[in-house]
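A.B. asks: Okay, here's the structure, questions in a sec.
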């Protein structure tokens, strides 16, 4: 089969489509013939040699959609021919991928097989961090940085569906307009506005209850300053840097909780639990039309390098898909 591989860390040009051995499934896995896979920031870090896949995992691609081609002997829920999407540790940039059965989801009704590739990573990331761990609930306020990203566009929709007031930051009026259309209540251009001041203004000085951030160091103190009493800050990444100084007194004063996590390094059991919660809580919202995948562009698998260039330019809104 064909798969995207690299032989050395580097820029997008190191991504090459090559013939490789087909994956073999174990007794708890399914083999998916890939329809599409979605690009994630983690893929670009992996390409640069900064985020190696877990031991034994296939290379690039943290999610996919497709049709089940074979099932392991311990797999009872899925059968050959099922149309599914899946959360992966790697291997989505390929024509076929082996996946633990607990990380597979049905394609939600009303979503095409191709577009379903845009759902697993964002749905599992948002639900596990914002709702399972940060306990965001109806009537609270929520700020997501990078509202026009894949994570951001999905977080807006699912938070609104849960009865939450949503604040977003983004770097252009075009991106903010998309966020508003998806349901964001307060849209802040971080290039022209101080988001801390705007958050305080919109909340009567209190601040928001939960913040989801991938910027990291430059935003850490600003995030703390933007939180309400008992506020929760969840770090999904550190695109702006990993080292910062913080006024610890401000954490104590507001009883703030700071958490950080990714999906890739979690145990199979933990991933299966998250996937199950997503199917139970998020999939009905998608079926009801309350949330949808936001796809910016489709590219063939052979143009993975172009996809990475586009992702790293931050010009996109939503997800970039590679079609196998």
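In UniProt numbering, the protein residues as written are 1 to 324. All C-beta atoms, glycine included, are put in the ideal place defined by N, C-alpha and C. Computed from a predicted model, the values in this text were never measured in an experiment.
Just checking my contact of residue 101 with residue 77 at CB under 8 Å: how many whole Å lie between their CB atoms?
C.D. replies: About 7 Å separates the two Cβ atoms, so the contact holds.
A.B. asks: Does the Cβ of residue 230 have 16 or more other Cβ atoms within 10 Å, making it buried, or fewer, making it exposed?
C.D. replies: Exposed is the call here.
A.B. asks: With distances taken Cα to Cα, identify the nearest neighbour of residue 272 among 52, 89 and 54.
C.D. replies: It is 89 whose Cα lies nearest to the Cα of residue 272.
A.B. asks: Going by C-alpha distance, which of 238, 166 and 267 is nearest residue 259?
C.D. replies: Comparing Cα-Cα distances from residue 259 to each of 238, 166 and 267, the minimum goes to 238.
A.B. asks: Between the region 5–21 and the region 46–55, do three or more beta carbon pairs fall short of 8 Å?
C.D. replies: Yes, the region 5–21 touches the region 46–55.
A.B. asks: Can you tell me the Cβ-Cβ gap for residue 42 and residue 264, rounded? I've got them flagged as a contact below 8 Å.
C.D. replies: Indeed they touch by this definition, with Cβ atoms about 7 Å apart.
A.B. asks: May I ask which residues mark the beginning and end of the alpha helix (DSSP H) holding residue 44?
C.D. replies: Here the alpha helix (DSSP H) through residue 44 covers 41–47.
A.B. asks: Looking only at its chain, what residues have a beta carbon closer than 7 Å to the beta carbon of residue 126, apart from the 5 residues adjacent to it on each side?
C.D. replies: The answer, listed in chain order, is 151, 154, 155 and 158.
A.B. asks: In the structure shown, what three-state DSSP assignment does residue 138 receive?
C.D. replies: In this structure, residue 138 counts as coil in the three-state DSSP scheme.
A.B. asks: Shorter than 7 Å, the distance from the beta carbon of residue 11 to the closest heavy atom of the ligand SAM, or not?
C.D. replies: Looking at this structure, you won't find the ligand SAM or any other ligand, since it has none at all.
A.B. asks: Please tell me whether residue 66 and residue 84 are closer than 8 Å, where the distance is taken between their beta carbons.
C.D. replies: Closer than 8 Å, so yes.
A.B. asks: Compare the beta carbon distance of residue 30 and residue 3 with 8 Å and say whether it is the shorter of the two.
C.D. replies: No. Outside cutoff.
A.B. asks: Which stretch, first to last residue, makes up the alpha helix (DSSP H) that contains residue 389?
C.D. replies: The requested residue 389 does not occur in the structure, where the chain is confined to residues 1 to 324.
A.B. asks: Cα-Cα, which of 40, 1 and 86 is closest to residue 268?
C.D. replies: Closest option to residue 268, Cα to Cα, is 86.
A.B. asks: To which residues does DSSP link residue 232 through a beta bridge?
C.D. replies: BP columns for residue 232 point to 210 and 257.
A.B. asks: If you check the beta carbons only, do residue 337 and residue 243 fall under 8 Å apart?
C.D. replies: No answer is possible for residue 337: the residues shown for the chain start at 1 and end at 324.
A.B. asks: Using a Cβ-Cβ cutoff of less than 7 Å, which residues in the same chain neighbour residue 139 once the five nearest sequence positions on both sides are dropped?
C.D. replies: 163, listed in sequence order.
A.B. asks: Can you tell me whether residue 192 is buried or exposed, with buried defined as 16 or more other CB within 10 angstroms of its CB?
C.D. replies: Classification of residue 192: exposed, given that the 10 Å Cβ count is below 16.
A.B. asks: By how many angstroms is the C-alpha of residue 119 removed from the C-alpha of residue 293?
C.D. replies: Computed Cα separation, rounded: 6 Å.
A.B. asks: Within the same chain, show all residues whose beta-carbon is closer than 8 Å to that of residue 209, passing over the 5 residues directly before and after it, in chain order.
C.D. replies: 136, 140, 141, 142, 227, 228, 230, 231 and 232.
A.B. asks: Along the chain, where does the alpha helix (DSSP H) that runs through residue 95 open and close?
C.D. replies: Note, residue 95: premise wrong, no alpha helix (DSSP H); not H, not E.
A.B. asks: When you compare only the Cα positions, how much space is there between residue 235 and residue 211?
C.D. replies: Their Cα atoms are separated by approximately 8 Å.
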